[in-house]
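**Q** Structure in structure tokens, see below.
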Amino acid sequence: LGPASLSASGKLVANKDELSLTSVSASANVGHFQPNCNGIAGSFINIISGLFDSTIKHEIDSTLQQQITGVLTGEVAKILTSIKWKFPLEKGVASVDFSPQAVEGGKEHLSLTLKAAVTDPQGDMPPTPSPTIPAWSPDAGHAYLQVVLSSWSLSTYAYTYWRAGRLTDHIT
């Protein structure tokens, strides 16, 4: 029996404040059965194993690929949609929104850009645009996961509480 192999891949993307898995693919190979038998009985066994390799094996490989792709697509989607990105800070005053904005990564790192904004109950944002921050800093190339925040996140906190009349001191 020859070596079997199985692999799967997909792409994690951020779209409309949610994460999803796209471009899911799988590859399966149950291996080859090559007994290389001698004699009349051995020839018969070799013919049967050849039929297995040329017919049934392909069906098994294909079914495994479909099942793995389906499980990954369905189960990962359930996990990703169950992640809560928004949390209340103070009922009726403010909530924090960590919704994903972008995903970058490779075999050796993963970078998830989060909104990290404090908003009022209606989700109103401050009148300043969020900054563009590099999703991956080469300064910490040895790290697998990086979290980068800007002062904009603190500004959204101050603006939301100021607008609600709850800010007693000014932040400069």
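Taking my numbering, I'd label the letters of the sequence shown as residues 15 to 186. Beta carbons are placed, not taken as given, at the ideal position from N, Cα and C, and that holds for glycine.
1) What do you reckon, are the CB atoms on ASP111 and LYS129 nearer than 8 Å?
2) Where do the ends of the alpha helix (DSSP H) carrying ASN60 lie?
3) Going by alpha carbons, who is nearest to PRO114 out of LYS25, GLY24, TYR173 and LEU33?
4) May I ask you to list the residues that DSSP assigns as paired with PRO114?
5) Here's the rule I'm using: 16 or more other beta-carbon atoms within 10 Å means buried, otherwise exposed. How should ALA18 be labelled?
6) Quick one: using the 10 Å Cβ neighbour count with 16 as the cut-off for buried, is SER68 buried or exposed?
7) Just confirm the distance between the C-beta atoms of ALA28 and ALA157, as a whole number of angstroms; I'd bet it's less than 8 Å.
8) Exposed or buried, which one is LEU75 when buried takes at least 16 other CB atoms within 10 Å?
9) Give the secondary structure of VAL85 by DSSP, where H, G and I count as helix, E and B as strand, and everything else as coil.
10) Nearest to ASP31 by CA position, among THR170, TYR171, SER169 and LYS98, is which residue?
11) Measure the CB-CB distance between TYR171 and VAL132 and report whether it falls below 8 Å.
12) Apply the 10 Å Cβ neighbour rule to THR174 and answer buried if 16 or more other Cβ atoms are within range, or exposed otherwise.
13) Count the other C-beta atoms from every protein chain shown that fall within 10 angstroms of the C-beta of VAL44, then say buried if there are 16 or more, exposed otherwise.
**A** Working from what's here:
1) In this structure, ASP111 sits near LYS129, with a CB-CB distance shorter than 8 Å.
2) Boundaries of the alpha helix (DSSP H) harbouring ASN60: 53-65, taken from the DSSP string.
3) Taking PRO114 as reference, the option from LYS25, GLY24, TYR173 and LEU33 with the minimal CA-CA separation is LEU33.
4) Within the DSSP bridge table, the entry for PRO114 names LEU128 as partners.
5) Classification for ALA18: exposed.
6) By the 16-neighbour rule on beta-carbons within 10 angstroms, SER68 is exposed.
7) Under the criterion of beta carbons closer than 8 Å, ALA28 and ALA157 do not qualify as touching, at roughly 20 Å.
8) According to the sequence displayed, residue 75 carries Asp and not Leu. Here ASP75 is buried, its C-beta having at least 16 other C-beta atoms within 10 Å.
9) VAL85 falls in the helix class under three-state DSSP.
10) Here the closest residue by C-alpha is LYS98.
11) A contact, by the Cβ cut-off of 8 Å.
12) Flag for THR174 reads buried.
13) The residue in question, VAL44, is buried, as its Cβ has 16 or more Cβ neighbours within 10 Å.
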